[in-house]
Amino acid sequence: MAISDLGRLIWNFGKSSAGPETEDDIYNELLLVALAQASIVDANIHPLEIITIQQIMRRETDQDLTEAEIRRASRTSTYASKSLGKYLRRAQSRLNAENKITILQAIVDVIKSDAQINVLEIDYYNQAVDALQMTPAEQAGLTA
Numbered sequence: 000m001a002i003s004d005l006g007r008l009i010w011n012f013g014k015s016s017a018g019p020e021t022e023d024d025i026y027n028e029l030l031l032v033a034l035a036q037a038s039i040v041d042a043n044i045h046p047l048e049i050i051t052i053q054q055i056m057r058r059e060t061d062q063d064l065t066e067a068e069i070r071r072a073s074r075t076s077t078y079a080s081k082s083l084g085k086y087l088r089r090a091q092s093r094l095n096a097e098n099k100i101t102i103l104q105a106i107v108d109v110i111k112s113d114a115q116i117n118v119l120e121i122d123y124y125n126q127a128v129d130a131l132q133m134t135p136a137e138q139a140g141l142t143a
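Using numbering that gives the first Met the number 0, the letters of the sequence shown correspond one by one to residues 0 to 143.
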């Protein structure tokens, strides 16, 4: 998925049934945008946050992203005008529990990467949890 396609998948995924490839694309896009938004929620993208996002995206999606691509995802107009929570709520039914846990843990990793956690970042995390409709047990990876 090209970085220029951000928003295309989430905007359209509810309109038609998607195959596994599209579902992977939705997860990859949601992960990138959730992390990019987490990095800017405090209005200061720390270089360590960029590095953390790059590592997570490489590990989880095999995508090597540049700093510019991450910064672009953090301010993509599709997400600036719409709440990320709205997209996560729409997509949550298309994500498996493992993907939801990965997104939440990755957000925590980005928030903690600069060693300065503020109330805006905590609120952002809580909104993501709410949008993904995760129970505390699910957040901890406890599923039967």
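The C-beta atom is built at its ideal place from N, Cα and C for all residues, glycine as well.
A quick note: this is a predicted structure, and the numbers were derived from the prediction, not measured.
Only counting the same chain, and skipping five residues up and downstream in sequence, which positions put a Cβ closer than 6 Å to that of residue 44?
So the qualifying residues of the chain are 38.
Residue 52 classed as buried or exposed, judged by whether at least 16 other C-beta atoms fall within 10 angstroms:
buried
What did DSSP end up calling residue 133 once you bin it into helix, strand or coil?
Coil at residue 133, not helix or strand.
Cβ shell of residue 60 (< 6 Å), same chain only, five flanking positions each side left out
27
Inter-residue spacing [alpha-carbon to alpha-carbon] between residue 48 and residue 108
For residue 48 and residue 108, the distance between alpha carbons rounds to 9 Å.
Any C-beta of chain C sitting closer than 8 Å to the C-beta of residue 122?
The structure shown contains no chain C; it holds only a single protein chain.
What distance in whole Å lies between the Cβ atoms of residue 24 and residue 119, which are believed to be in contact at a cut-off of 8 Å?
About 29 Å separates the beta carbon of residue 119 from that of residue 24, a gap too long to meet the 8 Å contact definition.
Pull up the distance between the alpha-carbon of residue 72 and that of residue 141, whole angstroms please.
31 Å
Could you give the DSSP three-state label for residue 27: helix, strand or coil?
helix
Using the three-state DSSP reduction, which class does residue 84 fall into: helix, strand or coil?
helix
I'd like the span of the alpha helix (DSSP H) that includes residue 73, first residue to last.
66-73
Reduced DSSP secondary structure (H/G/I, E/B, other) of residue 115
Looking at residue 115 - three-state DSSP - the assignment turns out to be coil, as it is neither helix nor strand.
Quick test of your reading: residue 121 and residue 33, contact by CB under 8 Å. State the CB separation rounded to the nearest angstrom.
Incorrect: roughly 15 Å between the Cβ atoms, too far for contact.
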